[in-house]
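Below: one structure, written as structure tokens.
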Amino acid sequence: MRILTLLRRLLGVSGLILEGVRFEADTMVVAVRPRWLLPRCGECQAVCPGYDHGRPRRWRHLGLGRLRIQLAYTPRRVHCADCDGVRVEAVSWAPHGGGFTYDFEELVAYMAQVTDKTRVTKLLGISWTSVGAIVRRVVDRKLDPELLDGLRCIGVDEFSYRKRHNYLTIVVDHDRKRVVWARPGKDAATLQAFFAELGPERSAKLECVTSDLSGAFTKAIEEAVPRARHVFDRFHVQRLASDAVDQVRREQLQDLRGTAEGKQLFRSRFALLKSPWNLTPSEKGRLSAVQRANAPLYRAYLLKETLAQALDYRQPIRAERALKSWLGWASRSRLAPFVRVGRTIRKHFNGVLGYVKEGLTNALLEGTNNKIRMIAHRAFGFHQPHALIAMIFLCCSGLVLQPPLP
Ligand SMILES: [Zn+2]
């Protein structure tokens, strides 16, 4: 077997010509050139007349054992009529403007999908900034161009990151369980941009839109898709009740500051906010201490749990009955935060009940939210929102990568 044929098999490359190989310390540098004779524009791929010789360049490729591998070539510069200027020619093994081969980028993106920052950078020996740039290029190349087609039931949610100073608006497809759209911002205009991109034809096919109870999203949804059913996510409705419990707890704490009872109350936060089936024995103990010592706070806890039970019903008629009785209790509870939650739910009664009617589950939005929180944590160091958005698409849009593995 000829040495270059062997090398080609080892590198797993095709569509290029190998010209030679040399070693530099722990790096094997393989000289290559494209198969095509006439140069093509790196930006638009059109065949163009040559302009001059550019500078020698190298592309990092998948390593072999301990050996780093670089492909080396001096791309020509072309004069492209379509791009109206001089451009560096396209090469078949790497994207325009990057320092890595397609195979290497696919592996990096795959690793970024499945593991954390430290491992990716350490195992592949590249900086986190390079990982960010690669993820963006791979997502650009591989993102399903039909993400916005055939949408029937979507969910809209805001996501805060960097200590709640920045926001993204995220749209998920409830049927296919994936993120289909994301953009910085959290107001009506942000969501209007989504509906503008979707266009009137695809918007008209939407049957159901879920969201939180904020006025901003409601306005944009009612304007863009007035005929779709607008449903409020259980996730967000229940969060209103959790926030109200926390508020009651803080009010009680203020009255009891400095006392032993106050100290006990201070430690009860997690026990009060968690779901009962999730409580540890010591949290159960704290909860029963609240029950003995602080009637208003325990009432708030019961209100929160009863609301969750009302939304647990799968039959709309039973959920409706339970929700109405809950509203009566909330308004008589003498707990101002719950009186306010009751008013909000009453105002959006059909949208809250719609959640049960649609038979939707919390899993998608809550799961996506948690996953994005993890990604945002991992993407810390990506200072731009578009880098975070690329990571979200990489991990939550159903993008399947095929890393070049044996
Ligand atoms: Zn061009």
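Just so it is clear: in the sequence shown, position 320 is 358 by our numbering, and no numbers are missing.
Glycine is no exception: its CB is placed at the ideal position from the N, C-alpha and C atoms.
Legend entry - Member of 77, 50 and 109 whose CA lies at the smallest distance from the CA of residue 62: 109
Legend entry - Lining residues of ligand 1 - beta-carbon closer than 7 Å to any non-hydrogen atom, in sequence order: 79, 81, 82, 84, 86, 118, 120, 121 and 125
Inset, instruction - Compare the beta carbon distance of residue 21 and residue 206 with 8 Å and say whether it is the shorter of the two. - result: Residue 21 falls outside the range modelled here, since the chain spans only 39 to 444, and no answer is possible.
Legend entry - Endpoints, the beta strand (DSSP E) within which residue 167 is located: Unbroken run through residue 167 is the alpha helix (DSSP H), 166-180; no beta strand (DSSP E).
Inset, instruction - Would you mind working out which of 410, 289, 260 and 394 sits nearest residue 360, comparing C-alpha positions? - result: 394
Inset, instruction - Please go through the same chain and pick out, in chain order, the residues whose beta-carbon is closer than 7 Å to the beta-carbon of residue 60, but skip the five residues on each side of it. - result: 67
Legend entry - Three-state class that DSSP yields for residue 137 in the structure shown: coil
Inset, instruction - Could you have a look at residue 258 and say whether DSSP puts it in helix, strand or coil? - result: helix
Inset, instruction - Mind checking which residues open and close the alpha helix (DSSP H) that includes residue 288? - result: 272-293
Inset, instruction - Within the same chain, show all residues whose beta-carbon is closer than 6 Å to that of residue 255, passing over the 5 residues directly before and after it, in chain order. - result: 194, 229 and 249
Legend entry - Rounded straight-line distance, which links the Cα of residue 134 to that of residue 379: 54 Å
Inset, instruction - Report the residue from 75, 50 and 101 whose alpha carbon sits nearest the alpha carbon of residue 65. - result: 101
Legend entry - residue 57, enclosing beta strand (DSSP E) - first and last residue: 54-62
Legend entry - Completely contained alpha helix (DSSP H) runs for the segment 312-393, where each covers 4 or more residues: 319-331, 333-350, 354-370 and 374-385
Inset, instruction - Please state if the CB of residue 45 and the CB of residue 437 are separated by a distance shorter than 8 Å. - result: no
Legend entry - Identified DSSP bridge partners for residue 198: 205
Legend entry - Distance, residue 208 Cα to residue 245 Cα: 18 Å
Inset, instruction - State yes or no: is the C-beta of residue 140 within less than 8 Å of the C-beta of residue 150? - result: no
Legend entry - Distance CB(residue 97)-CB(residue 137) smaller than 8 Å: yes
Legend entry - Rounded distance between the beta-carbons of residue 114 and residue 38, thought under 8 Å: Limits of the chain in this structure are 39 at one end and 444 at the other, which puts residue 38 out of reach.
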